[in-house]
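Mapping of the sequence shown onto our numbering: residues 14 to 72, in sequence order.
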Amino acid sequence: MDNRIWVILGAFIGGLFLYRIRYRVINAFLKRAWLRRLAVSSVMRIPAVRDRMVSQVLR
């Protein structure tokens with residue numbers, strides 16, 4: 014029981030830390046071309062996002 018509380022507390026503190034530096038983490042991942050390509054292709058598979066992006070580009 015006591016160990017579970019420490020794990021939950023550690024996960025919460027880790028989550029807060031990652032939330033505070035979220036843009037640095039995202040930039041670190043997106044510096045790599047293959048991860049950037051994967052992220053863009055994954056997002057563009059979502060129909061609502063794709064339609065909105067295409068309408069913005071072809072406006």
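Yeah, the Cβ is synthetic: ideal placement off N, Cα and C, and Gly gets one too.
Taking only the alpha-carbon atoms, compute the straight-line gap between residue i and residue j and give it to the nearest angstrom.
i	j	result
residue 48	residue 63	19 Å
residue 71	residue 35	32 Å
residue 16	residue 26	15 Å
residue 40	residue 56	17 Å
residue 23	residue 53	32 Å
residue 61	residue 33	29 Å
Assign residue i to one of three DSSP states: helix, strand, or coil.
i	result
residue 57	helix
residue 51	helix
How is the alpha helix (DSSP H) around residue i delimited, first residue to last?
i	result
residue 29	15 to 33
Just checking my contact of residue i with residue j at CB under 8 Å: how many whole Å lie between their CB atoms?
i	j	result
residue 31	residue 38	6 Å
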